[in-house]
Structures are given as structure tokens and as C-alpha cells.
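Protein sequences appear in the order of chains A and B.
Numbering follows this note's numbering, with no gaps: position 269 of the first sequence is 378.
Numbering follows this note's numbering, with no gaps: position 235 of the second sequence is 243.
Glycine included, every Cβ here is placed at the ideal spot set by N, Cα and C.
Okay, so here's the structure we're looking at.
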Amino acid sequence: MSMLISRLPAATTPLAWWRFARAYPSATLGLVLMLAVVLVALVGPLIFPGDPWDMAGPPMLWPGDDPGYPLGTDFMGRDLATGLAAGARVSLLIGLVSTALAATLGITVGAIGGYFGGRVDAALMRVTEVFQTVPKFVLAVVLVAIFKPSVTTVVVAIGVVSWPATARLVRAEFLSLRSREFVLAARTVGMSHARLILTQILPNALPPVIAMATLTVATAIQTEASLAFLGLGDPNVMSWGTIIGGGREQVADAWYICGLPGLAIVVTVLAFNLIGDGINDALNPHLRQRRH
Amino acid sequence: MALLDIRALRTGFTTATGHVTALHDVSLSIDRGETLALVGESGSGKSVTACSILRLLPRRVARVTGGQILFNGADLLALDDRAMQGIRGNRIAMIFQEPMSALNPVMRIGDQIIEAVRLHRRVTHAEAHARALALLEQVRMPSPRERANDFPHQLSGGMRQRAMIAIALACEPDLLIADEPTTALDVTTQAQILALLKRLQAETGMAMLLITHDLGVVAETANRAAVMYAGRVVEQGPVEALLTRPAHPYTAGLLAALAIETLPPGSRLPEIPGTVPPLSAMPAGCAFAPRCTHAVARCRIEVPVLEPAGSGEVACHARLRVPSPTVIEIEEVAA
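Here it is in C-alpha cells:
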């Protein structure tokens with residue numbers, strides 16, 4: 110972890126930032142886009158206050174028609190700017206929390222399987238395979254449909270369908286790391302299994318897991334929007350997917366109702382993908398430039 | 009009572025092709041403050057012996073099938089896993105050949121020492137930190153305060169081995185197992201590390217099991233030496249006697265291979281013909297007999313056992329009576 114951070118430039122001065130941007134242009138674009146989305150999520154609801162579900166103005170107002178509704182209104186007169194700002198919060202929240210859940214599950218299963226090996230590993234990997242063979246989105250739909258849609262069930266459903274890839278990755282890392290000499294050396298100083306896993310092997314296995322987690326956030330945001338589009342979002346929060354779902358019948362007359370939240374999803378997912386790819390490149394010794 | 013007393017240790021491996029025995033009734037003992045060198049080629053069982061003592065062999069494939077390992081009179085083989093964890097690093101510590109791979113690459117040197125201290129001592133972080141710095145000073149780490157904040161890849165090979173030794177000494181062990189501690193280092197650093205180990209031993213009074221294939225290292229560091237071949241101790245005794253009057257043809261062969269400086273230029277280097285037989289295809293009788301120039305008929309039938317010979321013990325039906333002409337020069341090296 111600390112090694113990963115030490116590899117990134119300590120971009121504290123404008124010049125260092127410029128060098129970083131030159132070296133990793135796509136990762137920089139990703140960071141900028143992500144900061145923009147985070148900014149919208151943080152201050153958007155302050156600029157466009159009010160309940161995104163309220164019928165605030167006349168329906169089907171095109172963006173720019175009325176300065177009071179800069180991004181227009183939908184067919185029920187709900188303010189799209191308020192909705193998009195609220196949606197940014199929901200998307201980021203669900204994306205990050207469900208990824209944290211998936212990472213925790215995946216790391217736990219992968220670490221135990223990879224470290225202990227044998228029957229424990231075989232059993233855990235069979236379970237992982239069962240999850241991998243079921244189509245992810247269908248499983249998420251079924252889970253949310255069974256346990257009433259809410260932010261919590263959506264987070265849990267996305268987390269439950271997203272962990273197998275992380276588990277496989279962590280297991281592979283553990284398999285190669287557990288036979289390394291520093292792990293044996295740590296055993297000779299008298300460390301327990303739990304301590305070996307947590308303090309010796311896991312920190313060495315984390316960098317690729319972080320790269321994968323970033324990509325998982327992107328997928329989770331997409332999945333959340335898809336669930337909300339199908340009407341399986343939390344009925345109390347305004348998600349980008351909900352707005353698209355609501356506007357789909359007016360696509361021909363008012364494409365902006367679907368288009369604007371769609372664009373927001375594209376930008377957010379792209380941001381996380383670019384950052385994830387950037388971390389992957391930074392970790393890949395073949396692509397990494399020597400900077401010592 | 010000896011600090012470590014290994015009695016008839018027998019360790020085997022289960023492989024895809026069947027069960028093989030890696031150690032045949034290995035018996036060794038080390039007194040407090042003493043250094044015992046374990047000498048032998050790759051595959052002779054040196055490291056398996058060390059791993060058997062600390063019970064670090066992979067459980068699925070390796071098993072100790074007989075014998076006792078008495079440490080301070082208690083059998084390590086009878087301890088449960090928790091008790092064994094309390095021994096490792098605390099009473100018995102180990103250092104490795106390649107310090108770069110034996111140190112955690114993502115942890116600072118200081119933190120790795122602190123962790124080793126706190127595993128067995130109930131001390132605050134500040135106390136452990138102070139102890140870590142004292143240890144780095146004890147192993148003569150240059151600018152210990154700065155090095156404590158470094159990661160392993162930022163240190164030189166010699167400094168890494170010093171860090172490794174500091175971790176091993178964290179809890180003042182009674183026994184240090186050094187598995188080829190200088191093999192990966194260049195010659196000058198090698199001499200420094202050996203001198204350091206010797207000095208630390210004098211300071212702390214710990215015993216040392218030095219695993220090596222380098223007879224020069226043995227001459228410089230050890231009090232007694234045991235020569236292993238194909239999983240058996242074939243000769244053991246005080247270093248000086250062993251190196252000047254070897255009784256086993258294998259020991260004599262190892263020594264002859266060292267005496268290259270006395271050879272006329274261009275002559276063929278002395279070697280022991282053949283290779284160590286694989287564990288799965290051990291000959292009947294003495295395992296060294298197929299390579300031995302002194303072998304007699306009995307050697308191919310009956311496995312020789314260790315018997316007293318001179319100041320040591322030897323397992324050979326055709327002991328050498330003539331003293332070997334080879335003398336190893338012992339050089340003193342400053343720390």
C-alpha cells in the first residue's frame with residue numbers, strides 16, 4: 110500500500126502535477142472527471158436544493174427555457190438539475206459502499222482459500238464458481254426483488270454479485286506470496302496465521318486489488334443505474350437510472366430527460382475505468398517508466 | 009544438559025511417486041554459547057533439519073516420523089502450535105540466505121523489528137521503537153535512525169542482512185539458526201557479517217546452528233561441525249580436528265576440492281565424482297559408496313553408523329587413517 114503511494118509522484122507542486130498529467134494522461138482525465146462528479150455530489154444539492162421528487166415547475170421544460178430550471182424538467186415537472194445532483198450522491202454512495210462490501214467478501218474468501226489451500230480452498234472456490242456461473246445482473250435483480258428495493262438491499266445485491274472476481278485475484282496473489290521467503294521468515298519470528306495473513310501477505314497483495322476495486326466501482330454504478338431503470342431502485346432516493354426509466358417514453362420528444370442522466374453515468378463510469386486502468390498501468394512493471 | 013539435543017530425527021516427504029525419507033536418524037547437540045556448523049551439499053538435509061527444529065515444514069507433504077528434538081529438555085515435537093509460536097522468534101530465531109526475499113518488501117525496516125519485539129514482549133510501541141534502534145546499533149547498522157525508516161529495497165545487501173539479524177535478535181533468543189547467512193553476499197560483506205555474528209554471540213551468549221556449504225565459513229566461525237550426506241550425519245567433531253584430520257572420505261573430498269591454490273596452473277580441479285543420489289533412489293548400504301574411492305564390499309551392503317573416532321564421530325566402514333594434507337587457513341576479520 111505504502112509502496113503504491115510512494116510510486117505515485119508526490120504531486121504537491123503545479124509542476125509535479127503537470128509531469129504526472131504528462132506521464133499518465135488518461136488517468137489524469139479520469140481523476141479530473143471523478144473530482145467533478147464528487148464536486149457535484151457534494152455541493153450540487155446545496156445549489157439545487159429541494160426534493161428531487163417534487164413537481165417544482167411546468168413539465169417538459171427544455172434545458173435553457175427557464176433560468177430557474179437550467180437543465181429543464183421532466184414530464185411531471187420535476188427539476189432535472191436537482192435530480193442529477195441527488196443522483197450523483199446516490200451513484201457514488203452505492204458504488205463505493207457496494208465495492209467495499211465486495212472487496213471485503215472477496216478478500217476474506219480469497220485470502221483464506223489461498224493461504225490455507227487444500228480442502229478449504231477447494232470448497233471456497235466451488236462456492237465462488239457457483240456465483241460466477243450465474244449471470245450477475247439477473248442475480249442482482251432477483252436479490253433486490255426478493256428483499257424490497259432500498260439503498261441497503263441494492264448495495265448488498267451489488268456487493269454479493271461482485272465479489273467473486275476479487276476473491277479469485279486475491280487467492281492467486283496469496284498462492285504466490287505464501288511460499289515467499291519473507292512469509293517463512295515471519296513464521297520463524299513466531300507469527301500466528303491471522304497475523305501472517307493480515308500484516309505480511311495482504312499488504313503485498315493489495316495493489317492489484319485496489320486496481321480491480323476501482324473498476325468494480327464503475328460496474329457497480331452501472332448496475333445500480335440499471336436496477337433503478339427497471340424500477341428496482343430505492344423509491345425514496347432519486348437515482349440517475351430512475352430518471353432515465355421515467356423519461357424513456359418521451360425519448361422521441363424530449364431526449365434530454367434520458368440523455369442528461371445517461372451522460373452523467375457515462376462520465377462517472379468512464380472516470381473510474383480510466384483511474385483503474387491508470388493504477389493497473391502503474392503497477393505493470395513492463396509499462397511503468399523508471400522514475401528513480 | 010545441552011541446549012538443543014536432536015535424537016534420531018527422521019523426516020520424510022510424501023511425493024507424487026511415493027514416500028521418501030529425507031533425514032535418517034539425525035542426532036546433533038548444541039551447548040549454550042556454542043556454534044555448530046552443519047555442512048553438506050545441496051540436498052543433503054541441512055535445511056530440512058533446520059525446518060524440522062522450528063517445525064516449519066509444509067504439513068501436507070512433510071512429516072517427522074521419529075526421534076526427539078529436546079530444547080532445554082522439552083521435546084519441541086510434542087508442543088502444540090501455540091506453544092511452538094511462543095518458541096519461534098522468542099527462544100529460537102532464524103536468519104536466511106537471501107535477506108531481500110526474507111524481509112517484507114512493503115514494510116519499513118524499523119516496523120519489522122518493532123513487530124518482532126512486540127510479538128513476544130508486552131511493551132509499548134515507544135519501548136519497542138527504542139529497542140529496535142538499540143538492535144540496529146547492536147548489529148552496527150550505519151545511521152540506524154534513518155535506516156529504520158527505509159524499505160528493504162533501499163538498503164544494500166549487507167545492510168539487509170544486518171536488519172534480518174536485528175529482527176532475529178529482537179527477543180534475545182537462546183539459539184540462532186543461520187541458514188547460509190553469507191552465501192548471497194559479496195566476499196567483504198560476508199566477512200563482516202560473520203565477524204558480526206561471532207561478536208553478537210560473544211555478547212549475548214546465544215548458541216548458533218550455522219548451515220553452510222562453505223568450509224571456509226566453518227573454519228572461521230564454528231566450534232564443532234557436522235557433515236551431512238544424503239540425509240545422514242556422516243562425520244562430526246571439533247572443527248579443527250575435522251578440517252585437519254577428516255576420517256570420512258566425503259569430508260576429505262570436500263576439503264580436497266578447496267585446496268586449489270596448491271595446484272599447478274592448468275591442472276584439472278579436484279572433485280568428488282558423481283552426484284548425490286536422489287532421495288527416491290538411495291543405494292543399499294552407504295549412500296556415498298558409489299562415489300567413494302575407498303569403498304569396500306561391506307560399504308555396499310551395510311549402512312555405517314556413527315562411532316567414536318578420535319575427538320569426534322564418523323560413520324564409515326573405510327575410515328581414513330592418514331591425516332589429510334589440507335590445512336584451512338583461518339583468517340581473522342574485524343567487524
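C-beta atoms of residue i and residue j nearer than 8 Å
i             : j             : result
residue 329/A : residue 354/A : no
residue 257/B : residue 324/B : yes
residue 58/B  : residue 185/B : yes
residue 55/B  : residue 289/A : no
residue 226/B : residue 247/B : yes
residue 171/B : residue 149/B : yes
residue 187/A : residue 167/A : no
residue 233/A : residue 243/A : no
residue 207/A : residue 267/A : yes
residue 348/A : residue 342/A : yes
residue 96/B  : residue 299/A : yes
residue 223/B : residue 47/B  : yes
residue 211/A : residue 285/A : no
residue 318/A : residue 279/A : yes
Residue i: contacting residues in chain B (beta-carbon distance under 8 Å)
i             : result
residue 354/A : Under the 8 Å cutoff, chain B gives no residues; its nearest Cβ is about 45 Å from residue 354/A.
residue 179/A : Here the premise fails: no neighbours, minimum Cβ distance about 48 Å.
residue 295/A : 112
Residue i - partner residues in DSSP beta bridges
i             : result
residue 37/B  : 13/B
residue 101/B : 184/B
residue 215/B : 183/B
residue 77/B  : 14/B
residue 243/B : 235/B, 322/B
residue 19/B  : 31/B, 72/B
residue 182/A : 188/A
residue 315/B : 322/B
Identity of the residue in the options nearest residue i by Cα
i             : options                    : result
residue 361/A : 282/A, 184/A, 261/A, 133/A : 184/A
residue 154/A : 180/A, 274/A, 190/A        : 190/A
residue 265/B : 126/B, 206/B, 278/B, 221/B : 278/B
residue 214/B : 152/B, 233/B, 101/B        : 101/B
residue 322/B : 228/B, 269/B, 249/B        : 249/B
residue 160/B : 206/B, 113/B, 259/B, 192/B : 113/B
residue 42/B  : 218/B, 253/B, 97/B         : 218/B
residue 263/B : 271/B, 272/B, 252/B        : 252/B
residue 155/B : 115/B, 260/B, 131/B        : 115/B
residue 220/A : 141/A, 249/A, 287/A, 169/A : 287/A
residue 277/A : 224/A, 163/A, 200/A        : 224/A
residue 302/B : 326/B, 313/B, 284/B        : 326/B
Partner residues on chain B for residue i, Cβ-Cβ distance less than 7 Å
i             : result
residue 278/A : By Cβ distance, chain B contributes nothing, its closest Cβ being about 17 Å from residue 278/A, past 7 Å.
residue 309/A : 112
Beta-carbon neighbours of residue i, restricted to chain A and to distances below 7 Å
i             : result
residue 128/B : 299
residue 106/B : 290
residue 41/B  : Residues of chain A passing the Cβ test: none, with the nearest at roughly 21 Å.
residue 68/B  : 227
residue 53/B  : In chain order: nothing, as chain A lies at least about 18 Å away.
residue 175/B : 298
residue 157/B : Ordered by position in chain A, no residue passes the 7 Å Cβ test against residue 157/B, which lies about 11 Å from the chain.
residue 149/B : The premise fails here: residue 149/B is roughly 18 Å from chain A at the closest Cβ pair, so nothing lies under 7 Å.
residue 97/B  : 297, 298, 299
residue 94/B  : 299
Contacts that residue i makes with chain B (C-beta to C-beta distance below 9 Å)
i             : result
residue 322/A : Correct list: empty, because the minimum Cβ distance to chain B is about 18 Å.
residue 233/A : Neighbours of residue 233/A on chain B: none; closest Cβ ~17 Å, over 9 Å.
Contact test: residue i Cβ vs the ligand NAD heavy atom, cutoff 7 Å
i            : result
residue 54/B : Summarising the ligand content, the structure contains no ligands, and the ligand NAD is consequently not present.
Per-residue contacts from residue i into chain A (C-beta, under 9 Å)
i             : result
residue 214/B : Within 9 Å Cβ-Cβ: nothing; residue 214/B doesn't reach chain A, min ~15 Å.
residue 166/B : Those within 9 Å of residue 166/B in chain A number zero; the least Cβ separation is about 17 Å.
Partners in chain A for residue i, counting only beta-carbon separations shorter than 8 Å
i             : result
residue 64/B  : 293, 296, 297
residue 124/B : 298
residue 60/B  : Residues of chain A passing the Cβ test: none, with the nearest at roughly 13 Å.
residue 101/B : 297, 298
residue 319/B : Residues of chain A passing the Cβ test: none, with the nearest at roughly 33 Å.
residue 50/B  : Under the 8 Å cutoff, chain A gives no residues; its nearest Cβ is about 16 Å from residue 50/B.
Problem - Three or more C-beta pairs below 8 Å linking the segment 220–240 of chain B and the segment 31–45 of chain B - result: yes
Exercise for the section: Give a yes or no on contact between the segment 122–137 of chain A and the segment 380–388 of chain A, applying the rule of three or more CB pairs nearer than 8 Å. Expected result: yes
Problem - the segment 182–199 of chain B in contact with the segment 150–169 of chain B per 3-pair CB rule at 8 Å - result: yes
Problem - Sufficient close CB pairs (3 or more, under 8 Å) joining the segment 257–274 of chain A to the segment 194–210 of chain A - result: yes
Exercise for the section: Decide yes or no for the touch test of the segment 276–292 of chain B against the segment 19–26 of chain B: beta carbon pairs closer than 8 Å, at least 3 of them. Expected result: yes
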